[in-house]
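Report on one structure; see the data block that follows.
Numbering (the numbering used here), first residue to last: 62 to 248.
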């Protein structure tokens, strides 16, 4: 996936002036790359546009102006992109009730190893992830994963955590086409 470069990032004042247009394009890109599984897991396949938007939003919210801080944000968010035939996916765990969320995030520490994509041949492709996102006490409600899909758009996203959470959602043809384009860009 093509990484976001410094010249593509606006200062937060200019971004704020152009935010409506940039946000509209980013949300359209996210809609094509968002898949909900088991009612509470949202898989968001990251690409250049979604990452550029996140960098801009972070700079706007934090009012980042120092060049070294801008570069840090770019480098940090670019790490979420897939490279060489892999897909970078942000998984958001959405449980509204704070008590239920706390209990499940404590019980679901093994969740990342139970997430998968379904390849064209029906195999389940498991992710790699940053172990710092799981503490001894609980799982972070946002997980950053990489799936080695060998350059082929998956058919579905799923979870298979026995006794806890399971489900699988097929990607639409439009979603698969968007991911094909993203993967072609990463070659």
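Ideal Cβ positions, reconstructed from N, Cα and C, are used throughout, including at glycine.
Item                                                                                                                                       : Value
Between which two residues does the alpha helix (DSSP H) holding residue 280 run?                                                          : With the chain covering only 62 through 248, there is no way to say anything about residue 280.
Which residues does DSSP list as the beta-bridge partners of residue 222?                                                                  : 226
Compute the distance between the beta-carbons of residue 205 and residue 221, then report whether it is under 8 Å.                         : no
What did DSSP end up calling residue 217 once you bin it into helix, strand or coil?                                                       : strand
Could you check if residue 242 is buried or exposed, using at least 16 other CB atoms within 10 Å of its CB as the buried criterion?       : exposed
Counting only runs that start and end within the stretch 130-178, where is the beta strand (DSSP E) found for 3 or more residues in a row? : 147-154
Just the C-alpha distance for residue 81 and residue 224, rounded to the nearest angstrom, thanks.                                         : 43 Å
Between the C-alpha atoms of residue 170 and residue 196, what's the straight-line distance to the nearest angstrom?                       : 8 Å
Mark residue 215 as exposed unless 16 or more other C-beta atoms lie within 10 angstroms of its C-beta, in which case mark it buried.      : buried
What do you get for residue 137, buried or exposed, if any count of 16 or more other CB atoms within 10 angstroms of its CB means buried?  : exposed
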